[in-house]
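Numbering (this note's numbering), first residue to last: 21 to 201.
Printed below as a string of structure tokens:
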């Protein structure tokens, strides 16, 4: 990333869906380190688990001059109007960890099926028999389905043998802990 022609460092914004998880703090530290290395400025906004706030945050990042915005979407479909407005202003959009289905949006994620496999192998190692309840993430987040797919690939034979039983299986609206209870 090069400095802009007028000598000002490019501004890169991050729109966090919510900043409550420790993981996002670690990711933010890594992002700011890389941006500083390349002479870019960092600005962020925490949507606090609100689609409306995330849309306003994205609009604000555009108004403040962000050349690129990394978006950890709370609900990718709900915030799509703000994504489209940002793109109309020439802002590059990078969907981080949660897919935003829109043309010319870059997508950075993990192999969520493999993450599900890793989770299931470890859980099966620690609890090879008994009742299992599957409390998945948000139904609006494709990652929830991919994690579950990986888990089931590993757990299928134990389920068929009867070593473990599926006693519950549900999505958790908005990834909110209070909805997972």
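Cβ atoms here follow ideal geometry from the backbone N, Cα and C, with glycine treated the same way.
Rounded to whole angstroms, what's the CA-CA distance from residue 31 to residue 89? Just pull it up for me. What you label residue 31 is simply residue 11 of the chain shown in a count that begins at 1. What you label residue 89 is simply residue 69 of the chain shown in a count that begins at 1. Using only the alpha carbons, I get a separation of about 9 Å.
In chain order, which beta strand (DSSP E) runs of at least 3 residues are fully inside the region 25 to 80? Within the region 25 to 80, the beta strand (DSSP E) runs of at least 3 residues that lie entirely inside it are, in chain order, 31 to 36, 61 to 66.
Same chain, Cβ closer than 7 Å to residue 179, neighbours up to 5 away in sequence not counted: Here residue 179 refers to the residue found at position 159 of the chain shown. Cβ within range, chain order: 186.
Assuming residue 135 is part of the alpha helix (DSSP H), what are its boundary residues? Mapped onto the chain shown, residue 135 falls at position 115. Per DSSP, residue 135 belongs to the alpha helix (DSSP H) from 132 to 146.
What number of angstroms, rounded off, separates the C-alpha of residue 159 from the C-alpha of residue 177? Taking the chain shown and counting its residues from 1, the one referred to as residue 159 is at position 139. Taking the chain shown and counting its residues from 1, the one referred to as residue 177 is at position 157. Their backbone Cα atoms lie some 25 Å apart in a straight line.
Quick check: residue 65 and residue 37, are their CB atoms within less than 8 Å of each other? As a first step, residue 65 is located in the chain shown; it is residue number 45 there, counting from the start. As a first step, residue 37 is located in the chain shown; it is residue number 17 there, counting from the start. In this structure, residue 37 does not lie closer than 8 Å to residue 65 by Cβ.
For a cutoff of 8 Å on Cβ pairs, would you count residue 139 as touching chain B? Absence of chain B from the displayed structure is noted, only one protein chain being present.
For the alpha helix (DSSP H) holding residue 189, just list the boundary residues, first then last. Stepping through the chain shown from its first residue, residue 189 is reached at position 169. Counting along the chain, residue 189 falls outside any alpha helix (DSSP H), though it belongs to the beta strand (DSSP E) covering 184 to 190.
Would you say the region 110 to 124 touches the region 79 to 94, given that touching needs at least three Cβ pairs under 8 Å? Contact between the region 110 to 124 and the region 79 to 94 is present, because at least three Cβ pairs lie under 8 Å.
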